[in-house]
Amino acid sequence: MDFIQNLKGLTISLAIIILIPLAVYWGSQYIAPGPTGSNPHYYSKEEIQKLKKSGTDIEDLKKQYDSKRNRNEQAYLIFSLVVGCLAILVGLIIRVSFLDFGLICAGVLTLLFGSWSYLSLMTDLMKFVVISAVLFGLIILSYRSFKR
């Protein structure tokens with residue numbers, strides 16, 4: 005009976021680890037939808053010529069695309085930081101076998117995905133501040149939780 009219970013707990017943990025980051029990603033897509041259509045930065049010469057003939061400003065299309073992509077990635081970063089930290093906090097507070105493990109792992113994975121997606125757009129100082137703040141928060145939460 006112990007084996008079946010452990011298997012159920014492991015399955016629930018894995019589901020939590022997979023579903024929280026997916027929910028965060030699709031939630032951020034709903035809050036701040038990313039750009040649709042093809043990336044104007046990679047249009048072929050033929051496509052550019054067609055757009056110029058129709059009077060469309062290519063540079064304006066690129067700016068709109070970049071603006072929408074940046075807004076989407078910022079929303080994903082913020083949503084990931086909030087949900088990831090909450091998942092870790094709840095995982096450290098509750099003492100339910102496998103559920104705490106699933107929440108902590110899902111929180112770390114969510115933080116990793118959210119930061120990684122926006123990392124290329126951050127300045128070096130911003131990268132340092134965000135990663136240091138998350139690391140510092142994890143250390144404090146872990147210390148308080150395991151000190152008990």
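Numbers 5 to 152, taken from the numbering used here, label the letters of the sequence shown in order.
C-beta: ideal position from N, C-alpha, C; glycine also.
- For Ala19, the three-state secondary structure derived from DSSP is helix.
- Here Ser121 is not near Leu93, since their CB atoms are 8 Å or more apart.
- For the 8 Å CB-CB criterion, Leu113 and Ile21 form a contact.
- Runs of the alpha helix (DSSP H) lying entirely within the segment 28 to 91, each at least 4 residues long, are 49 to 57 in chain order.
- Sequence-distant partners of Gly106 (beyond 5 residues in either direction) whose C-beta falls short of 7 Å from its own C-beta, in its chain, are Ile16, Ser17, Ile20, Ile21.
- Nearest neighbour of Lys72 by Cα position, chosen from Ala36, Val133, Leu142, Leu123, turns out to be Ala36.
- The Cβ atoms of Ala79 and Ile24 lie no closer than 8 Å to each other.
- Sorting Lys56, Lys12, Gln9, Leu139 by C-alpha distance to the C-alpha of Gly88 places Leu139 at the top.
- Between Phe102 and Leu26, the gap from beta carbon to beta carbon reaches 8 Å or more.
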